[in-house]
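A.B. asks: A single structure is presented below for examination.
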Amino acid sequence: MAASLVVPSDITILEEKKSIGHRQLYIIEKLGLLGMAPFMIRMHYSKMDKGDCRAVLSKKYDPDDKSEAGIIVQKRQEFVRKAVVSTNFMWGTAGTMSGLTWWSFRRYNYQARLVALPFIFYGGTFVGRMVGDIVTGRNAEFSRDRFLGSLPAKVYYNTSA
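Taking the working numbering, the leading residue of the sequence shown gets 3, the next gets one more, and so forth.
What follows is the structure in structure tokens.
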């Protein structure tokens, strides 16, 4: 089997073309990136990892650019920003629910606490995703914006295309 070559996707090339400089990340975006998975095991390049999200967020675009390409890259950056910021709410809600469970079981021994804790934490991640989506406004997005934001930053090179 031949070695696969990884190249930037079309949307990444468009982002690089429309970029006018470097944008400083806000602290809430840095914390959201910190809460994302550190690496991905890839069979297909179908998702954006932490580095790809950081690359999208760190590009600066002209706010007065009203061309179709300019609007596309700005909407993609806004989707990635909302997704990264909502990660903070996921972990915060899971941690808060776990802490409240630990506190509510304060009269019991530690074995009883440890039985409930992983289940509450796992459930808290789902509740936190919903809270984060509502707070950041991801639940009111158009499907086109969500699709643009979910496009991968890298793809395998295909000679037939």
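No residue lacks a Cβ here, since even glycine has one placed at the ideal position from N, Cα and C.
Out of L150, D66, A85 and W105, which one is the CA nearest neighbour of M132?
C.D. replies: If we check each option's Cα against that of M132, A85 comes out closest.
A.B. asks: Does the beta-carbon distance from I30 to V82 come in below 8 Å?
C.D. replies: No. Outside cutoff.
A.B. asks: List the DSSP bridge partners of H24.
C.D. replies: K61, per the DSSP bridge assignment.
A.B. asks: How is the alpha helix (DSSP H) around K1 delimited, first residue to last?
C.D. replies: Residue 1 lies beyond the stretch modelled for the chain, which goes from 3 to 163, so this question has no answer here.
A.B. asks: Once the 5 residues before and after A118 are set aside, which same chain residues still bring their CB inside 7 Å of it?
C.D. replies: So the qualifying residues of the chain are T103 and F107.
A.B. asks: For V157, which residues does DSSP report across the bridge?
C.D. replies: Answer by DSSP bridge pairing, in chain order: V9.
A.B. asks: So what does DSSP say about F41, is it helix, strand or coil?
C.D. replies: Three-state DSSP puts F41 in coil, outside helix and strand.
A.B. asks: I need the DSSP call for F107, collapsed to helix, strand or coil.
C.D. replies: The answer is coil: DSSP assigns F107 none of H, G, I, E or B.
A.B. asks: So, are the CB atoms of P154 and Y47 less than 8 Å apart?
C.D. replies: A contact, by the Cβ cut-off of 8 Å.
A.B. asks: Just checking my contact of G126 with T161 at CB under 8 Å: how many whole Å lie between their CB atoms?
C.D. replies: Wrong, their Cβ atoms sit about 46 Å apart, outside the cutoff.
A.B. asks: Do you know how far the Cα of L35 is from the Cα of S100?
C.D. replies: When rounded, the distance between both Cα atoms is 22 Å.
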